[in-house]
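Residue numbers (numbering that gives the first Met the number 0), protein chains in the order written: chain A, 0 to 420; chain B, 0 to 63. Glycine is no exception: its CB is placed at the ideal position from the N, C-alpha and C atoms. Note that the structure is predicted; figures quoted are calculated from it, not measured. Step one of this worksheet: look at the structure below.
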Amino acid sequence: MATLDLSAIELKDPDVYVDGVPHASFRALREHDPVHWHPESDGPGFWAITKHADLVAISKDPRRFSSAARFIYYEEIDEESMAIRRSMIETDPPEHTRLRRIVSPLFTPKMVDDYRGHARAVADRLLDRAVERGSFDWVRDICEMMPIRVFVDVFGAPEADADYLAKLANMLVAVDDPDLAPPPEMYAAARARGFEPHHLPFSSPAALELFDYAQALCDARRAEPRDDLITRLVQAEWEGDRLTDNELVNFCQLLVFAGNETTRNSLATGMHRFIEQPDQLDLLDRDRTLMRGAVEEVLRWATPIYAFRRTATEDVELRGQAIRAGDKLMLYYISANFDEEVFPDPERFDVTRDASQQVVFGGGGPHYCLGAFLARMQVETLFTAVLDRGLRFAVDGPTARLRSNFGNGFKTLPVRVVAGR
Amino acid sequence: MKVHIVIDPATCVGIGKCEELAEHAVELGDDGVSHPTAPVEEELARTLCEACPTGAISIGEPAE
């Protein structure tokens with residue numbers, strides 16, 4: 000049997016992900032070279048971490064594997080850009096701890112329970128409107144609409160701005176996709192203000208618009224506080240210091256991105272999977288006690304972020320490989336979530352399996368996803384609403400996946416209602 | 000046997016997993032840090048230690 004040439008495996012090129020997750024490459028790496036040196040044509044190269052156990056160990060060791068040192072993406076970043084675009088996700092303890100605690104109390108399981116009713120109302124409204132038309136785009140009409148509406152309610156932005164914010168969030172992560180990338184005039188506008196793309200989060204000029212939006216909202220809450228996340232951010236104090244304007248707008252940018260894109264993509268991949276395997280949706284329908292576990296399995300399967308980076312702060316040996324201080328490591332959540340040592344027969348989607356060890360929200364450690372409970376609640380809410388209406392769908396036209404080495408999702412998923420109208 | 004759990008305030012970032020698993024024994028405060036409010040069965044204490052994403056929880060003294 001021919002074996003895959005490991006040195007030829009490519010994981011950074013966004014084209015690799017267009018037709019689907021390159022599971023064969025990850026499978027080969029997990030088996031033969033789990034701490035794999037991956038060269039880069041436009042960078043120093045990186046260690047591809049593909050085993051669940053290694054990803055968890057590294058995530059829980061922020062002292063030796065930093066998020067702050069060189070940020071968390073493939074790209075190499077200069078000092079100037081880091082100063083402009085650093086947010087909580089690109090800090091280490093104790094700085095991270097200070098920032099995280101400002102927002103944590105709004106995202107606990109108890110708080111998320113309070114948002115459940117609103118989320119269900121949003122899901123019902125969107126499903127009503129879409130299903131009436133018989134066929135529609137599951138991504139555009141449901142997934143792009145729901146998480147942002149749940150988020151703006153917590154965040155404190157006007158609901159009327161939801162679609163605008165969703166559009167900006169899309170343009171943040173889709174810089175590599177010609178169909179969704181920011182328009183040239185947005186790049187020109189940023190340059191006219193002295194910002195090159197690399198100065199901005201995701202190297203996207205949409206971030207600058209988001210900064211402006213966030214600044215206006217923060218100013219408004221400073222003048223007139225309310226009971227919302229933005230007010231919490233502008234009022235947060237640490238030993239007499241408040242967040243600077245730059246910290247504030249980056250915080251908002253992070254929350255808008257994280258509160259939208261990842262959940263949106265999980266809802267899309269989840270529905271696609273249930274259409275491909277309708278027996279799994281039927282199973283859930285017959286036994287709703289499976290729902291909690293099914294949410295974990297949907298999330299495992301969806302893994303909406305392929306990878307984040309860490310940078311080694313000292314020399315470390317891992318599975319016999321000598322990692323040097325300063326080396327870049329890419330943590331492939333998409334591989335860890337299909338690690339056969341943790342998930343037997345991983346490429347089988349099975350709502351009855353124990354998927355609780357999935358690392359969609361990170362491998363643990365301080366950067367564990369702030370929105371984990373909010374995301375779970377939304378997946379549960381949307382698919383419960385689908386089941387409550389007896390809805391079943393079929394794919395109704397060509398689907399398209401996002402061209403990205405970062406965000407795992409669909410650009411379009413045309414569906415037709417086949418039951419439950 | 001019931002034991003006290005200890006939550007390291009320097010490590011906890013207020014994720015809330017512990018509160019979800021043991022609402023009667025842990026409370027996440029407005030300071031963004033989880034606080035133990037009651038002793039728990041030793042087995043639950045071990046579950047909490049394992050479940051904490053940041054490893055901030057440890058088992059303390061036995062509760063009288």
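{"query": "For R309 of chain A: DSSP bridge partner residues", "result": "A:L328"}
{"query": "Local conformation of M0 of chain A per DSSP, three classes", "result": "A caution first: M0 of chain A carries a pLDDT of 45, below 50, which makes its placement in the model unreliable, though a value can still be read off. Correct three-state label for M0 of chain A: coil."}
{"query": "Whole-angstrom distance between Q357 of chain A and L47 of chain B, CA atom to CA atom", "result": "18 Å"}
{"query": "Residue from A:R190, A:V359, A:E143 and A:P200 whose Cα sits closest to the Cα of V431 of chain A", "result": "No answer is possible for residue 431 of chain A: it lies beyond the span of chain A, which begins at 0 and ends at 420."}
{"query": "Cutoff 8 Å: I14 of chain B Cβ touching any chain A Cβ", "result": "yes"}
{"query": "R85 of chain A and W237 of chain A closer than 8 Å at C-beta", "result": "no"}
{"query": "Nearest to F64 of chain A (by Cα), restricted to the options A:E78, A:T90 and A:H51", "result": "A:T90"}
{"query": "Beta-bridge pairing of P35 of chain B - partner residues as DSSP gives them", "result": "B:V25"}
{"query": "DSSP state of S134 of chain A mapped onto helix, strand, coil", "result": "strand"}
{"query": "Helix, strand or coil at R415 of chain A [DSSP, three-state]", "result": "strand"}
{"query": "Among A:R391, A:G361, A:R192 and A:S6, the one whose alpha carbon lies nearest that of L28 of chain A", "result": "A:S6"}
{"query": "Contact between the region 379-399 of chain A and the region 151-169 of chain A (3+ Cβ pairs under 8 Å)", "result": "no"}
{"query": "Contact with chain B by F45 of chain A, beta-carbon distance below 8 Å", "result": "no"}
{"query": "Opening and closing residue of the alpha helix (DSSP H) in which S6 of chain A lies", "result": "That residue, S6 of chain A, is in no alpha helix (DSSP H); it is neither H nor E in DSSP."}
{"query": "Within-8 Å CB hit, F154 of chain A to chain B", "result": "no"}
{"query": "Cutoff 8 Å: P104 of chain A Cβ touching any chain B Cβ", "result": "yes"}
{"query": "Contacting residues, own chain, Cβ-Cβ under 6 Å from G362 of chain A (five flanking each side not counted)", "result": "L54, V55 and S58"}
{"query": "Neighbourhood of R388 of chain A by C-beta, 6 Å cutoff - its chain only, sequence neighbours within 5 removed", "result": "G419"}
{"query": "Candidates A:T411, A:L369, A:G406 and A:F210: closest to V102 of chain A by CA position", "result": "A:L369"}
{"query": "CA-to-CA distance, T380 of chain A to E65 of chain B, given in whole angstroms", "result": "In this structure chain B extends from 0 to 63, so residue 65 of chain B is not present and cannot be described."}
{"query": "Any 3 or more C-beta pairs closer than 8 Å across the region 232-250 of chain A and the region 211-219 of chain A", "result": "yes"}
{"query": "8 Å Cβ cutoff met for P33 of chain A and R309 of chain A", "result": "no"}
{"query": "Chain-ordered residues of the region 47-60 of chain B with a beta carbon less than 9 Å from chain A", "result": "C51, P52, T53 and G54"}
{"query": "Nearest to T36 of chain B (by Cα), restricted to the options B:E18, B:A9 and B:M0", "result": "B:E18"}
{"query": "Within chain B, partners of F372 of chain A - CB distance below 8 Å", "result": "G15 and E19"}
{"query": "Any C-beta of chain A under 8 Å from that of V39 of chain B", "result": "no"}
{"query": "Nonlocal neighbours in the same chain, by C-beta distance under 7 Å from H31 of chain A, ignoring five residues either side", "result": "L5"}
{"query": "Residue-level contact to chain A via CB, V32 of chain B, 8 Å cutoff", "result": "yes"}
{"query": "Residue burial classification, L20 of chain A (beta-carbon count within 10 angstroms, cutoff 16)", "result": "The residue you asked about is not Leu; residue 20 of chain A is Val in the sequence shown. Result: buried."}
{"query": "Burial state of V17 of chain A (16 or more Cβ within 10 Å)", "result": "exposed"}
{"query": "Outcome for M0 of chain A when other beta-carbon atoms lying within 10 angstroms are tallied against a minimum of 16", "result": "With a pLDDT of 45 at M0 of chain A, under the threshold of 50, the modelled position of that residue is not reliable, and the figure given next carries that caveat. Flag for M0 of chain A reads exposed."}
{"query": "Residues bridged to W300 of chain A (per DSSP)", "result": "Paired residues: none, contrary to the question."}
{"query": "Backbone CA spacing between D353 of chain A and E195 of chain A [nearest angstrom]", "result": "46 Å"}
{"query": "Interface partners of Y367 of chain A on chain B, CB under 9 Å", "result": "V12, I14, K16, P52 and T53"}
{"query": "6 Å CB neighbourhood of V138 of chain A in its chain, flanking five on each side removed", "result": "A267, F409, T411 and L412"}
{"query": "Extent of the continuous beta strand (DSSP E) to which H3 of chain B belongs", "result": "K1 to I6"}
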